[in-house]
Amino acid sequence: MTQAPPPVPRKAPNLIAVASGKGGVGKTFFSISLATALARAGRKILLFDGDLGLANVDVQLGIVPQKDISWVIAGKAQLHQVIVPYGPGGFDVVAGRSGAGGLAALPPTRLQILAGDLADLAKKYDYVILDLGAGVDRLVRIMALPCGARIVVATAEPTSLTDAYAFIKVSLSDDPGADLRIVINQARTSGEGDKTYQTLAKACETFLKRTPTFLGSVRKDKRVLEAIRSQSPIFSKHPTSDVALDVEAVAARLMARSAAAE
């Protein structure tokens, strides 16, 4: 028997999910960089770690929050009470809890309540960036439902494109009106990024009859690893690097699209 898709809750237009299908494509680093770029543009930003079982936003930022999402799940705090300001990036963070298998096994109704609470919290921000876990499991699908847009991060690797397509297909099954956008990460050149997007877009057009919007490509940069190791945003040390400029361009397109929709 085919499992029915979860009900689509109320959406928050400024709640942006960042997904990948496949792990290891730089999704969390992109989410952090996008949050930083939007904050640098004067927007009020919340970065929410939506990988409830293998969270690592706090690790990449080098922060140790006293309270995280597990407090909300346990009923010990409300969502707004676990927000942590992140000064170097100029945005707020809701941290996850890495290795907490119980969070990933939450019942659908509890996940739907959490997703709804996040949509409500988004009213206090210009954008909320939701860094989803990898894959297309129940948790990822439910947390993506209230999002006004879903950015799918992929690389030129065939496995990444296959899994990105799988996420897009599942998203359209759950929510036929989903606003899907593509970012190609770790591209050797902008031209390679464009070509990779066209490959993915063609598959979507042929089999799903939808063409996700292209937000741009982010070039591969050795300074990304340096930023991750130093637990700081790429903009802190290398604001004019290729990756920083590319993420700023993606952020500008995201803001322009939001402005056009108003």
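Residues in the sequence shown are numbered from 1392 upward in steps of one, following this note's numbering. Glycine included, every Cβ here is placed at the ideal spot set by N, Cα and C.
Asked: Could you check whether glycine 1539 and isoleucine 1407 sit closer than 8 Å to each other, using their CB atoms as the reference points?; Found: yes
Asked: Give a yes or no on whether the C-beta atoms belonging to leucine 1521 and valine 1416 are separated by under 8 Å.; Found: no
Asked: State the CB to CB distance for the pair leucine 1591 and leucine 1552, rounded to an integer number of angstroms; the pair is presumed to be in contact (CB under 8 Å).; Found: 5 Å
Asked: Taking the alpha-carbon positions, what's the glycine 1487 to leucine 1445 distance?; Found: 8 Å
Asked: Closer than 8 Å is the cut-off here; do at least three beta carbon pairs connect the region 1475-1487 with the region 1440-1454?; Found: yes
Asked: I need the DSSP call for glutamine 1577, collapsed to helix, strand or coil.; Found: strand
Asked: Just verifying my parser: in three-state terms, what is the DSSP assignment at threonine 1393?; Found: Caution applies to threonine 1393, whose pLDDT of 49 falls short of 50 and renders its modelled position unreliable; the value that the coordinates give is listed next. Of the three classes helix, strand and coil, the one that applies to threonine 1393 here is coil, per DSSP.
Asked: Please state the DSSP three-state secondary structure of serine 1649.; Found: helix
Asked: So, under 8 Å CB-CB, serine 1422 and proline 1624 are touching, yes? Tell me the CB distance rounded to an integer number of Å.; Found: About 11 Å; that fails the 8 Å criterion.
Asked: Which residue's Cα is closest to the Cα of lysine 1661: Pro1537, Asp1442, Lys1593?; Found: The chain is shown only over 1392 to 1653; residue 1661 falls outside these bounds and no answer can be derived.
Asked: Return the bridge partner residues of alanine 1408 from the DSSP annotation.; Found: Leu1521, Arg1541
Asked: Restricting to runs no shorter than 3 residues, where is the beta strand (DSSP E) found entirely within the region 1402-1480?; Found: 1403-1410, 1436-1441, 1474-1477
Asked: For lysine 1402, I'd like the list of residues in its chain whose CB is within less than 6 Å of its CB, leaving aside the five on either flank, ordered along the chain.; Found: Pro1537, Gly1539
Asked: Would the region 1628-1635 and the region 1589-1603 be scored as touching if the rule is three or more Cβ pairs under 8 Å?; Found: no
Asked: Considering just the uninterrupted stretch of the beta strand (DSSP E) at valine 1609, what are its terminal residues?; Found: 1604-1610
Asked: Ends of the beta strand (DSSP E) at valine 1669?; Found: Here the chain comprises residues numbered 1392 to 1653, so residue 1669 is not present and cannot be evaluated.
Asked: Using a Cβ-Cβ cutoff of less than 8 Å, which residues in the same chain neighbour threonine 1550 once the five nearest sequence positions on both sides are dropped?; Found: Lys1413
Asked: Would you mind giving the Cβ-Cβ distance between alanine 1428 and alanine 1578, rounded to the nearest angstrom? I have them listed as a contact below 8 Å.; Found: The Cβ separation is near 17 Å, so there is no contact.
Asked: Going by the beta-carbon positions, is the gap between tyrosine 1518 and arginine 1434 smaller than 8 Å?; Found: yes
Asked: Go ahead and pull the three-state DSSP assignment for arginine 1601.; Found: coil
Asked: Suppose the cutoff is 7 Å on Cβ atoms and the five residues either side in sequence are ignored; what does the same chain contact list for leucine 1523 look like?; Found: Ala1408, Val1409, Ala1410, Gly1441, Asp1442, Val1531, Met1534, Ala1535
Asked: State the Cα-Cα distance for the pair phenylalanine 1626 and alanine 1650, rounded to the nearest angstrom.; Found: 25 Å
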